[in-house]
Every structure is written in C-alpha cells, then in structure tokens.
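Take the working numbering: the last position of the sequence shown gets the number 1142, and nothing is skipped along the way.
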Amino acid sequence: MSLTRLHLKEIRDQFLKGDYSGPTRIHGQDMPGLAELKAAAPGQIAITYTDIKGGAELSYKTANAALVSALHRWFDAQLSDHGKDAMAGHIGHAGVGDIKKP
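Following this line, the structure appears as structure tokens:
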C-alpha cells in the first residue's frame, strides 16, 4: 500500500510539470489523448492526490473541454492496457471534468 501511495504521489508531481514520460515509456507515444495532455499549459489540469482505503487515488480536473476529452481517451486506453488491474472512475460535467484514477 505504501508503494502505491508513493508511486501516485510521484506521478502527480511529474504530471503537474507536464512530464508524461512514464506512460510514454510503458504505452508508447501514440496513446490516445497523451499528445494533448503533454501540450497542456501548466495549471490547465489540476491533479489532487488522496489516500483511500487500500491505497490512493488521483483526481484530475480541468475546465478545458478538449482536455476533458483527452483525459477520458487517455484513461480508456489505460483501462484497456492494464486490464483487470485498472478501475474505471470517469465523472464528467458539461465541459468541466472531474476524473479519478484510483
């Protein structure tokens, strides 16, 4: 559990800096939505870390509709690549995206 929490904290810090090199190494450059996420300006996507029972989760929020779409496509690709180990948690609202990645 502590390794999961540490990993998600590190991912959050990297993503907030626009560093998506981890997913790129694992899933490749052509992962759906990744190019748009990498091109986002700092601060366009808020990412919040939260401890939860049994681990942690990252919540993504943006008011940019194109980035909401990119996040959903990216998470769908993550779910597809990670199979049974991944958990869906998409929540979207008319151009404002609240998306959780447990």
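Don't be surprised by glycine CBs; every beta carbon is placed ideally from N, CA and C.
query                                                                                                                                                              : result
If you count every other CB in all the chains shown that lies within 10 Å of the CB of LEU1056, and 16 or more means buried, which is it?                          : exposed
Report the three-state DSSP secondary structure of ILE1085 (helix, strand or coil).                                                                                : coil
Quick one: grab the DSSP three-state call for LYS1093.                                                                                                             : coil
Please list the segments of the beta strand (DSSP E) lying wholly inside the region 1051–1082, counting only runs of 3 or more residues, in order along the chain. : none
Measure how close the beta-carbons of GLY1058 and TRP1114 come, nearest whole angstrom, since I'm counting them as under 8 Å.                                      : Not confirmed; about 14 Å, so no contact.
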